[in-house]
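*Asks:*
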Amino acid sequence: MTECEHRATLLVADDEPEIVEMLEEYFAGRGFRVLTAGSGQEALEQAVHGPDLVLLDVGMPRLDGFEVCRRLREHLTCPILFLTARVEDVDALEGFACGADDYVLKPFSLAVLGARVDAHLARDQCQQVRAEVRFDGDLAVDYRTRTVTVAGAPVELTRREFDIVAFLSKHPGQVFDRDRIHERVGGWENESDSQVVTEHIRRIRKKLAAAGTEHDPVETVWGMGYRWRV
């Protein structure tokens, strides 16, 4: 492996803890940074860390590998390899249709899987755009392209509205009052009064609700300010 590959970040997503533990130990021992997920939703949440390659189980409950792959492909260009116990999944070609690059049948040889990972990383030449995206259910915030989508559909936010979404979502769980948000989100031009933050957040909520978000991601903490839900 090249020096670049040794520093590569892998995302391993599988609902079988034994497989996740085995792959984490194997690839960490080879110099990779390994992110792990035990469900499809956790895989989407871990994607914010910018994996260079994803190992994705097909048969996860609720949010299966196919749907996770589709959502990841809206924002990631890195290789995605499916782990599957059913050859029928491969025969159906559904995995390739939703954006997968390769598949490995279970049970698999670690040496063979490692060789496939090396080959895909070498082919990718470490030049893929790293992820700059946060997933919260059907809501995705792509910081690189400055876009917000709900279930794949774009939400039309103004520049200032996106800046507020980006700031809060990059600090999930932290409470910020209006003055702090106004201070940290620059370029207000003629909007010098921090109370304007309240109006922008009202508009953000209205647009996200109209787009069909499962819940309001911006939570009001009464007497304190606002925070991005975790």
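As numbered in the numbering used here, residues 982 to 1211 make up the sequence shown, in order. A virtual CB, placed ideally from N, CA and C, is assigned to each residue, including glycine.
Count Cβ pairs between the segment 1020-1028 and the segment 1036-1047 that sit closer than 8 Å; are there 3 or more?
*Replies:* Taking 8 Å as the limit for Cβ pairs, the verdict is that the segment 1036-1047 does touch the segment 1020-1028.
*Asks:* Given R1127, which residues of its chain have a CB within under 6 Å of its CB, disregarding the five upstream and five downstream residues?
*Replies:* Excluding positions up to five away in sequence, the list reads F1143.
*Asks:* Take the Cβ of V1093 as the centre, count every other Cβ of all protein chains shown within 10 Å, and call the residue buried at 16 or more, exposed below.
*Replies:* V1093 comes out exposed.
*Asks:* Does the pairing of the segment 1190-1206 with the segment 1082-1098 give three or more beta-carbon distances under 8 Å?
*Replies:* Counting Cβ pairs under 8 Å, fewer than three are found: no touch.
*Asks:* Would you call the segment 1114-1122 and the segment 1144-1159 touching, i.e. three or more CB-CB distances under 8 Å?
*Replies:* Counting Cβ pairs under 8 Å, three or more are found: they touch.
*Asks:* Ignore the nearest five residues each way along the sequence and tell me which others in I1185's own chain have a CB closer than 8 Å to its CB.
*Replies:* So the qualifying residues of the chain are L1138, E1142, I1145, V1146, V1199.
*Asks:* Taking its Cβ as the centre, do 16 or more other Cβ atoms sit within 10 Å of D1220, making it buried, or is it exposed?
*Replies:* The chain is shown from 982 up to 1211; residue 1220 falls before or after that span and cannot be answered.
*Asks:* Can you list, in chain order, the residues of its chain whose CB lies under 7 Å from that of K1087, leaving out five sequence neighbours each side?
*Replies:* Within the same chain, K1087 has close Cβ partners L1064, T1065, A1066.
*Asks:* Go through the segment 1025-1082 residue by residue and report every complete run of the beta strand (DSSP E) that reaches 3 residues or more, in order.
*Replies:* 1034-1038, 1061-1065, all fully within the segment 1025-1082.
*Asks:* Between F1013 and V1049, what straight-line distance do the alpha-carbon atoms span, to the nearest angstrom?
*Replies:* Cα to Cα, F1013 sits roughly 22 Å from V1049.
*Asks:* Provide the residue(s) that pair with P1135 in DSSP beta bridges, ordered along the chain.
*Replies:* DSSP, once it has assigned bridges, lists T1130 as partnering P1135.
*Asks:* Mind checking which residues open and close the beta strand (DSSP E) that includes E999?
*Replies:* Run containing E999: none in the beta strand (DSSP E); it sits in the alpha helix (DSSP H), 998-1010.
*Asks:* Pull up the DSSP beta-bridge partners for E1200, would you.
*Replies:* Its beta-bridge partners are R1208.
*Asks:* Here's a check: name, in chain order, each residue in its chain whose Cβ is nearer than 6 Å to the Cβ of M1205, leaving out the five neighbours to either side.
*Replies:* Counting only Cβ-Cβ distances below 6 Å, and skipping sequence neighbours, we find V1156.
*Asks:* Which class does V1178 belong to by DSSP, given the choice of helix, strand or coil?
*Replies:* Of the three classes helix, strand and coil, the one that applies to V1178 here is helix, per DSSP.
*Asks:* How big is the Cα-Cα spacing for D1082 and V1178?
*Replies:* Between D1082 and V1178, the C-alpha separation is close to 43 Å.
*Asks:* Less than 7 Å between C-beta atoms, sequence neighbours within five positions excluded: which residues of the same chain meet that for D996?
*Replies:* Cβ within range, chain order: G1019, S1020, D1038, M1041, P1042.
*Asks:* Am I right that L1053 and H1030 are in contact with their C-beta atoms under 8 Å? What's the rounded C-beta distance?
*Replies:* Actually they do not touch by this definition, with Cβ atoms about 13 Å apart.
*Asks:* Just tell me which of L1034, D1117, L1091, V1035 has its CA closest to the CA of T1194.
*Replies:* Here the closest residue by C-alpha is D1117.
*Asks:* Can you tell me where the alpha helix (DSSP H) with R1140 in it begins and where it stops?
*Replies:* Here the alpha helix (DSSP H) through R1140 covers 1140-1150.
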